[in-house]
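In this note's numbering, each residue carries its 1-based index in the sequence shown increased by 398. Where a beta carbon is used, it is the ideal one built from N, C-alpha and C, also for glycine.
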Amino acid sequence: MAIQAINVRNQFKGQVKEIIRGDVLSEVDVQTPWGIVTSVITTRSVDELQLKPGSDVVALVKATEVSIAKL
Numbered sequence: 399m400a401i402q403a404i405n406v407r408n409q410f411k412g413q414v415k416e417i418i419r420g421d422v423l424s425e426v427d428v429q430t431p432w433g434i435v436t437s438v439i440t441t442r443s444v445d446e447l448q449l450k451p452g453s454d455v456v457a458l459v460k461a462t463e464v465s466i467a468k469l
């Protein structure tokens with residue numbers, strides 16, 4: 399199920415793989431079919447969303463710029 403009320407093209411369905419909690423901010427790793435997407439959100443949001451490893455989520459990616467560097 400995709401979120402329909404938000405106009406974001408890049409939606410990645412997945413499951414929370416790991417949460418690294420901090421006092422104010424937490425790092426949330428989401429396992430998607432295309433790899434891991436990492437988000438930094440408030441710890442309050444982690445608690446309010448009741449996120450835990452295994453939770454089904456949608457990572458919404460909004461970027462105004464994508465840079466490319468040659469390896």
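Residues near residue i in its chain [Cβ-Cβ closer than 8 angstroms; skip 5 each side]
i, result
"Val-444", "Ile-417, Arg-419, Ser-424, Val-426"
"Thr-440", "Val-422, Leu-423, Ser-424"
Neighbour flag for residue i against chain C, beta carbons, 8 angstroms
i, result
"Ser-443", "Chain labels in this structure do not include chain C; a single protein chain is all it has."
Segment limits, alpha helix (DSSP H) that includes residue i
i, result
"Val-422", "Neither: Val-422 is in no alpha helix (DSSP H) and is coded neither H nor E."
"Thr-462", "Where Thr-462 is concerned, there is no enclosing alpha helix (DSSP H), given that its DSSP letter is neither H nor E."
Proximity of residue i and residue j at Cβ, strictly below 8 angstroms
i, j, result
"Gly-412", "Val-455", "yes"
"Val-435", "Ala-457", "yes"
"Leu-449", "Val-414", "yes"
For residue i, the nearest candidate out of the options (CA to CA)
i, options, result
"Gln-429", "Val-438, Asn-408, Ser-453, Leu-447", "Ser-453"
"Gly-433", "Ser-465, Glu-463, Phe-410, Ala-467", "Phe-410"
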